[in-house]
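Residues 1093 to 1523 in our numbering are what the sequence shown spells out, letter by letter. The beta carbon of each residue, even a glycine, is placed where N, CA and C say it ideally should be. Remember, it's a predicted structure, so these values are computed and weren't measured experimentally. Some notes on the structure that comes next.
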Amino acid sequence: MKTAYTCFCTDVIHEGHLNIIANAKKYGRVVVGCLSDKALIRYNRFPTVSQEERVRLYRSLEGVEEVVIQDDMLYDDVITLIKPDYIVHGDNWKDGPESAIRNHVEELLKNYGGEIIDVPYTYNEKVKKIDMQLREKLAMPEYRRKRLRDLIKMTPIVKAMEAHSGLTGLIVEKTVVEHEGKLDQFDAMWISSLCDSTAKGKPDIELVDMTSRFRTIDDITEVTTKPIIFDGDTGGLTEHFVYTVRSLEKMGVSAVIIEDKKGLKKNSLFGTEVEQTQATIEEMSAKIAAGKKAQLTDDFMIIARIESLILEKGMEDALERAFAFVKAGADGIMIHSRKKDPAEICEFCDKFRAEDKKTPIVVVPSSFNTITEEELASHGVNIVIYANQLTRSAFPAMQKTAEDILRYHRAKEVDDRLMSIKDIITLIDEI
Ligand code: SPV
Ligand code: MG
1093 MKTAYTCFCT
1103 DVIHEGHLNI
1113 IANAKKYGRV
1123 VVGCLSDKAL
1133 IRYNRFPTVS
1143 QEERVRLYRS
1153 LEGVEEVVIQ
1163 DDMLYDDVIT
1173 LIKPDYIVHG
1183 DNWKDGPESA
1193 IRNHVEELLK
1203 NYGGEIIDVP
1213 YTYNEKVKKI
1223 DMQLREKLAM
1233 PEYRRKRLRD
1243 LIKMTPIVKA
1253 MEAHSGLTGL
1263 IVEKTVVEHE
1273 GKLDQFDAMW
1283 ISSLCDSTAK
1293 GKPDIELVDM
1303 TSRFRTIDDI
1313 TEVTTKPIIF
1323 DGDTGGLTEH
1333 FVYTVRSLEK
1343 MGVSAVIIED
1353 KKGLKKNSLF
1363 GTEVEQTQAT
1373 IEEMSAKIAA
1383 GKKAQLTDDF
1393 MIIARIESLI
1403 LEKGMEDALE
1413 RAFAFVKAGA
1423 DGIMIHSRKK
1433 DPAEICEFCD
1443 KFRAEDKKTP
1453 IVVVPSSFNT
1463 ITEEELASHG
1473 VNIVIYANQL
1483 TRSAFPAMQK
1493 TAEDILRYHR
1503 AKEVDDRLMS
1513 IKDIITLIDE
1523 I
């Protein structure tokens, strides 16, 4: 008897999946692969049910004889293991980034005469609605909030990209690339004080008030599902910070990062070029402890950001603060640096990890941008934040367009580098 294999990465079975099984059955014994959590989060949307539940769900389907775990979005391992005669898939993988996976499967099957069966993709109102319902579930505060803690467990390094508007939120939500045969996407969003302020034409000095910052969160949560890490600046007065924690939890934000500075906060990338005052260990610890006491859910994280390297106070000071802030209740440590060389960040991470194996470490490699995610993970980093790159790429593009229209007294010269009218009007999904 021949074997027909199909890989599922869904939490809900609809007629499209049943159609795949029915087609696979025509070719042989049906084996379904359950894409593992680890692979799923790179490839598809975040799961709303556990890997074990997905296996149980697929096993319960009529016509399915066996369910195996597929641990990688590429099929190498699973093909070696079961040598299926047929790989059955919706024909939607013929286009877009997924086509790289199809091409790879085609090569693997050539080795022993296996065949791909592309089944016409089922897309109707009912399937569309199920898809929308799943998205809505993920966007709910209680799902979104806990997703960051889940991701830290699921992936070697969580990748967060800045968002400061609905549109940038959509870019972080939807951008998927294919590179060396694998798909990848961002895991989370960073609501940067720098970019949120800049988008409003204001300096990054805690001038944009919390109500306005919350409005930005609302704009983003309206159109996305990915978890949010909020840049809480200094956290403000402890008496205010406790209210901020409650509001953020309620909105479904996963984490707030507060930095150990007081008085007039300036952006860290100014370093010692401007006057900035570091809070004492006692002051910052009291703020963290008050925030943790105010927090109502188990999901939310308060992450302490250490500015000792930025303010040139030395490695020992940074480490002393890190251990003290964890003791005060911090759920994670962000260590910042504005050096181009990542050496001091790596040294901090190695020394911190020597004593604390589990508290998540967060870094923001804006200046030390040569280090790769893999290298950061090897030093024990759990979250990498790309804090401002979307803003920094959009700004010069807009400025040049404005200049060129002024220069040429018409828009023709800039048109080639603009998104087409058709693309811009279809960019936002209709309900
Ligand atoms: C931000 O993005 O606002 C940050 C990170 O706080 S940094 O600008 O590097 O200080
Ligand atoms: Mg900031």
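- L1299 has its Cβ no nearer than 7 Å to any heavy atom of the ligand MG.
- Spatial neighbours of E1465 in its own chain (CB-CB distance under 7 Å, excluding positions within 5 residues in sequence) are listed in chain order as I1249, K1251, V1476.
- Judged by DSSP secondary structure, Q1491 falls within the alpha helix (DSSP H) whose first and last residues are 1481-1500.
- K1357 sits in coil when the DSSP states are folded into three classes, being neither helix nor strand.
- Rounded to whole angstroms, the gap between the alpha carbons of E1199 and E1190 is 15 Å.
- The Cβ atoms of G1421 and I1380 sit closer than 8 Å to each other.
- In terms of CA proximity to A1347, D1325 leads the group Q1368, T1330, D1325, I1222.
- Bounds of the beta strand (DSSP E) holding D1323 are 1320-1323.
- The residues I1171, K1175, P1176, D1177, Y1178, I1179, L1200, in chain order, have a CB closer than 8 Å to that of G1206 in the same chain once the five nearest residues on each side in sequence are set aside.
- Membership of I1523 in any beta strand (DSSP E) is not indicated, and neither H nor E is assigned to it by DSSP.
- In this structure, V1219 lies away from I1208, with their beta-carbon atoms at least 8 Å apart.
- At the C-beta level, T1313 and A1231 come within 8 Å of one another.
- Looking at the DSSP output, T1369 bridges to K1354.
- According to the DSSP assignment, G1125 belongs to no alpha helix (DSSP H) but to the beta strand (DSSP E) extending over 1121-1127.
- Around the ligand SPV, the residues selected by a Cβ distance under 7 Å to any of its heavy atoms are E1254, W1282, S1284, S1285, L1286, C1287, D1296, D1323, N1359, S1360, L1361, H1428, V1456, S1458, A1479, N1480, following chain order.
- Residue pairing for L1275: DSSP places it in a beta bridge opposite E1270.
- Not one heavy atom of the ligand MG sits closer than 7 Å to the Cβ of D1448.
- Cβ contact annotation for R1236 (same chain, cutoff 6 Å, sequence separation greater than five): P1319, G1344, in chain order.
- As a beta-bridge residue in DSSP terms, A1252 pairs with A1280, I1477.
- Just so you know, the alpha carbons of I1161 and Y1204 end up roughly 22 Å apart.
- For H1428, no beta strand (DSSP E) run applies, since DSSP gives it neither H nor E.
- Straight through space, the alpha carbons of T1316 and G1258 are spaced by roughly 8 Å.
- By the neighbour-count definition (other C-beta atoms within 10 Å, threshold 16), G1472 is a buried residue.
- Within the model, the alpha-carbon separation for L1388 versus L1243 is close to 21 Å.
- Between the segment 1151-1159 and the segment 1287-1305 there are fewer than three C-beta pairs closer than 8 Å, too few to call the two in contact.
- Under the DSSP definition of a beta bridge, F1100 partners with C1126.
- In the DSSP annotation of this structure, V1300 is not part of any beta strand (DSSP E), being labelled neither H nor E.
- Bridge partners of R1397 according to DSSP: E1351, M1426.
- Note that the segment 1507-1520 does not touch the segment 1271-1284; fewer than 3 beta-carbon pairs, one per stretch, sit closer than 8 Å.
- Taking 8 Å as the cut-off, the Cβ atoms of D1183 and D1210 count as close.
- Put simply, the backbone Cα of F1444 is about 31 Å away from that of Y1335.
- I1179 carries a strand assignment under DSSP once its states are collapsed to helix, strand and coil.
- Between V1269 and D1276, the gap from beta carbon to beta carbon is short of 8 Å.
- Between I1309 and I1349, the gap from beta carbon to beta carbon reaches 8 Å or more.
- Taking the Cβ of D1325 as the reference point, at least one heavy atom of the ligand MG falls within a distance shorter than 7 Å.
- Residue environment analysis places M1253 among the buried positions, since at least 16 neighbouring C-beta atoms fall within 10 angstroms of its C-beta.
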